[in-house]
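Colleague: Residue 659 in numbering that gives the first Met the number 0 is what sits at position 660 of the sequence shown, and the numbering runs on without skipping anything.
Here's a structure for you.
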Amino acid sequence: MAGDSRQVEVRLLGAFGVLVDGAEVRVSAPRLRDLLAVLALSTGDPVSIATIGDRVWSEQPPDRLRPTVQTCISRLRTLLGPEVIRAHPEAYALTLPRQNIDVLRFTDELERAHQLPVPADERTATAAALDLWTGTPFSDLTADWFTTAALPGLVERYLAARERRIDLDIAGGALESLLIEVRDLTTQYPFREPLWERLIRLLDITGRHAEALACYDDVRRLIGDELGVDPGAELRALYAELLAADAEPDSEPTTPAPARTVVPRQLPAENSRVTGREDELKELNELLPAPNEKDPATVIAAICGIGGAGKTSLAVRWAHRVRHLFPDGDLYLNLRGFGPGDAMPTTAALRLLLSGLGLRAERIPADEAAQSALLRSTLHGRRMLFLLDNARDADQLRPLLPARGCLVIATSRDRLRSLVVRDGAHRITLGELPPVESGRLIRSIAPDTDTDQVSELARSCQHLPLALAIIAEHAAGRSPQQVAELLTQLHAEQSVLDTFDGGDEATDLRAIFSWSHRALQDSTARLYEHLGLLPVSDFAVPAVAALLGATVSDTRRLLARLADLHLVEDLGNGRFEMHDLVRAHAAELGRLRPDRTEALERLFSWYTHTGFNARVLRDDRGSDRKIVPPVDGVTPGQFADAAAAIQWYDDERQTLAAVIRLAHATGHHRYTYELVESCEGDLSGRDLDLLTELLMLAQDSCNRLDDPLPEAFINNTLGLRYMDQRDDCERAIVHFERSAEIFRAAGMDIQVSRALGNLSVSHDILGRSSKALDVAEQALAIKRRLGDERGQAHSLGNMAAMYHAAGRLDEAAGAAGEAIRYYRTIHSHRGEGAVLDTLAGIERSRGRYDEALSCHLESVRLHRDLGFPWGEAVVLTNLGHTYRAVGRTAEAKAAWQQALTICDRIHAPRSDDLDREQLIALVSQD
């Protein structure tokens with residue numbers, strides 16, 4: 000990557016992942032993940048915007064596809080680096096080396112392995128390529144294109160490579176270890192005949208001739224029943240070989256089979272519709288001891304996750320797969336750790352296990368310690384499987400553990416930390432299903448549902464297995480219109496959980512989540528209920544502390560407990576996330592809290608004051624605002640410098656917008672206005688559409704307040720928004736005049752002068768130079784009388800531009816120089832940067848090109864350091880014109896290209912100062 004030393008890797012062969020310089024970078028937005036994957040699979044070739052629309056949004060691309068894609072590209076560049084994605088005419092390309100994209104590296108390594116002449120080398124290289132697969136490819140991606148177009152060919156290459164590696168292993172004599180692997184593959188891909196051929200051949204050459212014949216009969220029935228055809232020629236030929244061998248006389252006499260010993264077989268029936276989770280099954284298989292290991296230590300597999308994640312289903316499924324390895328039987332126990340009643344007492348659990356082992360009741364002691372010791376003694380020398388389902392915690396499980404030779408599969412909503420630390424348990428955490436597996440589960444229950452509706456149902460269920468099964472049952476047999484009505488109900492937040500009722504408590508999401516809530520201690524339950532008041536699913540610890548009215552340290556401790564129970568997820572960097580369906584349950588409880596209003600006021604107060612603290616550092620404004628003092632229990636966030644403030648805005652931008660909408664919806668109108676004022680400076684340079692939406696909410700709130708001053712402030716801000724658009728300056732004038740009128744009536748001269756200053760700029764944009772200068776001088780006179788250095792600097796900067804436009808260059812330079820001196824005195828870097836760009840234009844008009852370039856470059860630096868991309872792009876555009884004026888064409892184009900990149904990143908609207916189409920033309924010209 001030219002100009003960027005960072006190393007970026009994209010992982011698609013399993014869970015989606017991106018590494019930058021070896022550190023994982025979280026790409027949380029599904030569309031961003033899909034877009035990056037589409038570019039990664041293009042092997043470096045440019046992908047047109049139209050193709051991106053088809054692949055990422057399928058048949059429903061956004062109305063404004065190009066700006067939407069540009070915004071997504073900009074966000075990816077922010078995460079990965081500006082040089083990672085290169086723009087082409089109406090297209091984009093990823094600039095990464097092929098080895099940095101695991102899919103491309105996989106195909107390249109397979110190709111190299113195929114060319115190796117020595118089988119042992121080919122086997123090693125093929126295995127290394129296969130090791131790149133960490134799970135189902137594209138499992139975290141949502142676009143249908145990946146499953147319908149990209150995945151089938153990739154899976155075919157993978158299976159062909161697995162089969163080739165198996166053949167090489169067979170040739171090398173590694174036979175017994177292959178049987179489990181090949182059996183699992185035939186389970187995963189039951190209609191792939193080459194896998195069955197290898198399984199049958201392995202069974203035969205390892206002395207299981209009769210089992211090989213039975214295996215052929217099984218696959219013949221499977222293919223006939225499901226596909227209505229006979230096995231292929233290769234399978235039939237292999238069967239003929241087996242029959243021919245069967246006809247030959249036995250070389251050794253047969254030995255009668257030993258009599259079978261009756262052993263406990265208590266595993267519940269396996270749900271035939273449950274599929275997927277192959278990565279987890281592979282991980283579980285790796286826990287098993289070697290087949291020839293004598294008296295191995297007991298293996299403890301702890302399957303953890305949120306209620307409804309499919310823990311029991313996976314445990315039962317795997318237990319059935321491996322039960323043949325435990326000849327002395329299997330025991331099952333539901334420990335009732337989370338449910339409508341109390342958890343099963345340990346003594347009762349031990350008594351049931353001992354009874355299952357054949358001990359009569361009178362032989363079982365009453366004491367827990369004695370029962371546990373008797374269990375271990377009874378199990379000595381036996382190889383058994385235990386499925387201990389729905390455990391409350393590690394303390395409930397520990398007395399039930401065998402000493403050696405057994406397999407324990409435990410499931411729990413708790414993370415079972417101490418079982419991992421003290422007892423050596425291997426934890427596997429279940430989260431959401433990959434989209435492909437979600438769709439497969441829905442189709443197994445509702446096979447006639449429309450493809451697009453299947454995807455939408457899965458997204459509405461947040462890919463939670465139990466929710467998927469429940470909603471699929473509701474959708475089964477319904478028409479597309481009825482399914483659409485079901486989706487509408489799912490999108491209604493107030494009643495979303497009503498839809499997830501499977502007919503009993505065990506299949507009712509509301510009941511399942513309530514059992515987790517019931518298990519919480521009072522302080523943690525209170526936090527859970529308060530989290531339901533938040534308008535977003537991911538959140539920062541200090542904001543939650545304000546909502547709760549608690550300290551940050553106490554809040555972090557309580558959140559960690561919720562994370563242990565999989566009710567929230569720790570994202571790192573002081574942020575947590577709550578599953579949308581869990582949040583729906585928490586929101587139901589939050590709405591019932593008697594302190595709901597007070598909690599929301601603490602939240603609004605924290606964001607208001609933290610936002611203004613960030614604004615003061617970020618853009619030198621806001622320090623003179625008189626806002627409502629923080630409410631009791633709220634400690635606003637503080638920032639070390641402007642960079643920290645900018646980072647906070649980047650992290651909280653969408654949350655701030657959601658909090659503002661909530662404040663407006665709940666009638667907290669003063670907070671609505673103040674919250675918008677706190678973030679207006681950030682949004683004006685990044686997301687103008689969002690700013691417009693929030694300004695409309697603020698204006699509505701101001702109209703509902705008895706105090707006219709908020710209306711004056713918001714009118715001034717609205718005026719600035721319309722003035723930036725240039726073609727709405729008449730509208731801006733109306734807002735500035737209204738703002739000045741209110742401030743004048745209130746005797747707030749300083750604010751009158753600021754509104755007049757903005758009014759003068761609007762008149763200047765409309766070509767009314769005389770009117771503009773007259774109003775500007777009125778504003779400057781007020782500011783000089785009040786000794787307002789900041790205000791004087793602002794007015795002088797505006798007047799410098801007006802003098803310049805009128806050709807009064809000496810007066811323009813004098814005004815600009817005085818403005819810069821004021822801005823430097825008060826340490827206002829944003830103001831200084833803006834006027835330096837104005838002075839650069841003046842110096843260019845005076846023919847002083849070196850001075851002009853110096854001013855431009857310093858202005859670019861200041862805007863970049865402040866994190867104000869819109870202003871940076873404007874100055875870069877002007878810098879390019881100055882470079883061109885002195886014949887430095889290459890540097891001019893480089894400046895315009897940088898401006899264009901920023902323009903695309905922030906989705907900047909067209910204006911006189913920043914015009915994307917003009918920048919494209921400038922970059923493209925010879």
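The beta-carbon is built from N, C-alpha and C at its ideal position, and this holds for glycine as well.
Hey, out of S910, L280, P326 and R414, whose CA is closest to V315's CA?
Modeller: Per the Cα distances, L280.
Colleague: Does the segment 596 to 605 come into contact with the segment 647 to 662, if we say contact requires no fewer than three beta-carbon pairs (one atom in each stretch) closer than 8 Å?
Modeller: Touching, yes, given that three or more Cβ pairs across the two stretches are closer than 8 Å.
Colleague: Taking buried to mean at least 16 other C-beta atoms within 10 Å of its own C-beta, is D723 buried or exposed?
Modeller: That one is buried.
Colleague: Taking the C-alpha atoms as reference points, what is the distance between L324 and R111?
Modeller: The straight-line gap from Cα to Cα measures roughly 38 Å.
Colleague: I want to know whether the segment 17 to 32 touches the segment 107 to 127 - three or more CB-CB distances under 8 Å.
Modeller: Touching, no.
Colleague: Counting only runs of 3+ residues fully inside the segment 518 to 600, write out the beta strand (DSSP E) ranges in chain order.
Modeller: Complete beta strand (DSSP E) runs here, min 3: 537 to 539, 568 to 571 and 574 to 576.
Colleague: Using a Cβ-Cβ cutoff of less than 7 Å, which residues in the same chain neighbour E817 once the five nearest sequence positions on both sides are dropped?
Modeller: Cβ within range, chain order: L795.
Colleague: May I ask you to report which of helix, strand or coil DSSP gives E192?
Modeller: Looking at E192 - three-state DSSP - the assignment turns out to be helix.
Colleague: With burial defined as no fewer than 16 other Cβ atoms inside 10 Å of the residue's Cβ, what is the status of E285: buried or exposed?
Modeller: Exposed, since its Cβ has fewer than 16 Cβ neighbours within 10 Å.
Colleague: Please list the terminal residues of the continuous beta strand (DSSP E) segment that includes T716.
Modeller: That residue, T716, is in no beta strand (DSSP E); its alpha helix (DSSP H) goes L708 to D723.
Colleague: Would you check if there are 3 or more beta carbon pairs closer than 8 Å linking the segment 149 to 157 to the segment 198 to 215?
Modeller: Flag = no, the segment 149 to 157 and the segment 198 to 215 do not touch.
Colleague: Applying the 10 Å Cβ sphere with the 16-neighbour rule, what's the burial state of K293?
Modeller: Looking at its Cβ environment, which holds fewer than 16 other Cβ atoms inside 10 Å, K293 is exposed.
Colleague: Output the residue ranges of the beta strand (DSSP E) runs that lie fully inside the segment 352 to 390 and measure 3 residues or longer, sorted by chain position.
Modeller: Here the runs fully enclosed are 384 to 390.
Colleague: My output table needs one value for V7: the three-state DSSP class, helix, strand or coil.
Modeller: Of the three classes helix, strand and coil, the one that applies to V7 here is strand, per DSSP.
Colleague: When we look at the beta-carbon of R97 and count the other beta-carbons within 10 Å, is it buried (16 or more) or exposed?
Modeller: R97 comes out exposed.
Colleague: I believe R592 touches E528 by the beta-carbon criterion, under 8 Å. Please report the beta-carbon distance rounded to the nearest angstrom.
Modeller: With 8 Å as the limit, R592 and E528 qualify as a contact, their Cβ atoms being about 6 Å apart.
Colleague: Identify every residue that forms a DSSP beta bridge with L264.
Modeller: Checking the sequence, you will find Arg at residue 264 rather than Leu. R264 is bridged to D329.
Colleague: In the DSSP assignment, find the beta strand (DSSP E) that holds Q84 and state where it starts and stops.
Modeller: Note that residue 84 is Ile in the sequence shown here, rather than Gln. It spans I84 to H87 - the beta strand (DSSP E) in which I84 sits, taken as one unbroken run.
Colleague: Assign R904 to buried or exposed, taking buried as 16 or more other Cβ atoms, counted over all protein chains shown, within 10 Å of its Cβ.
Modeller: Under this definition R904 is a buried residue.
Colleague: Kindly list the residues whose CB is nearer than 7 Å to the CB of Q520, restricted to its own chain and excluding five residues on each side of it in sequence; keep chain order.
Modeller: Here the set comprises nothing.
Colleague: Would G756 pass as a contact of A731 if the rule is Cβ separation under 7 Å?
Modeller: Against a cut-off of 7 Å, the Cβ pair of A731 and G756 comes out as no contact.
Colleague: For the beta strand (DSSP E) that V117 lies in, which residues bound it at each end?
Modeller: Run containing V117: none; DSSP gives neither H nor E here.
Colleague: Taking DSSP as the reference, what is the three-state secondary structure of L429?
Modeller: Correct three-state label for L429: strand.
Colleague: Whole angstroms is fine: what's the gap from L40's alpha carbon to F712's?
Modeller: Answer to the nearest angstrom: the Cα atoms are 50 Å apart.
Colleague: Which whole-angstrom value describes the C-beta separation of L508 and L580, a residue pair presumed to lie in contact below a C-beta threshold of 8 Å?
Modeller: About 6 Å; that satisfies the 8 Å criterion.
Colleague: Could you tell me how far apart the beta carbons of A754 and S738 are, in whole angstroms, since I believe they sit closer than 8 Å?
Modeller: Right, their Cβ atoms sit about 4 Å apart.
Colleague: When DSSP labels each residue in this structure, what does E23 get in the three-state scheme?
Modeller: DSSP places E23 in strand when its eight states are reduced to three.
Colleague: Tell me the rounded alpha-carbon separation between L212 and R164.
Modeller: Taking the straight line from one Cα to the other gives about 24 Å.
Colleague: With the cut-off set at 7 Å, would you say V68 and I84 are in Cβ contact?
Modeller: No, they are not a contact pair.
Colleague: Looking only at C-alpha atoms, which of G80, G16 and R789 sits nearest to D101?
Modeller: Taking only the C-alpha atoms, the option nearest D101 is G16.
Colleague: Quick one: Cα of D183 to Cα of L131, how far?
Modeller: C-alpha separation (whole angstroms): 19 Å.
Colleague: Consult DSSP for T410 and reduce its assignment to one of helix, strand or coil.
Modeller: Of the three classes helix, strand and coil, the one that applies to T410 here is strand, per DSSP.
Colleague: Can the beta-carbon of L11 be found less than 7 Å from the beta-carbon of F137?
Modeller: Going by C-beta atoms, L11 is nearer than 7 Å to F137.
Colleague: Assuming A815 contacts A799 (C-beta within less than 8 Å), just tell me the rounded distance between them.
Modeller: Contact holds; Cβ gap of about 4 Å.
Colleague: State buried or exposed for L242, treating a residue as buried only when at least 16 other CB atoms are found within 10 Å of its CB.
Modeller: So L242 counts as exposed.
Colleague: Quick check: A471 and A445, are their CB atoms within less than 7 Å of each other?
Modeller: Yes, the pair counts as a contact, with Cβ atoms nearer than the cut-off.
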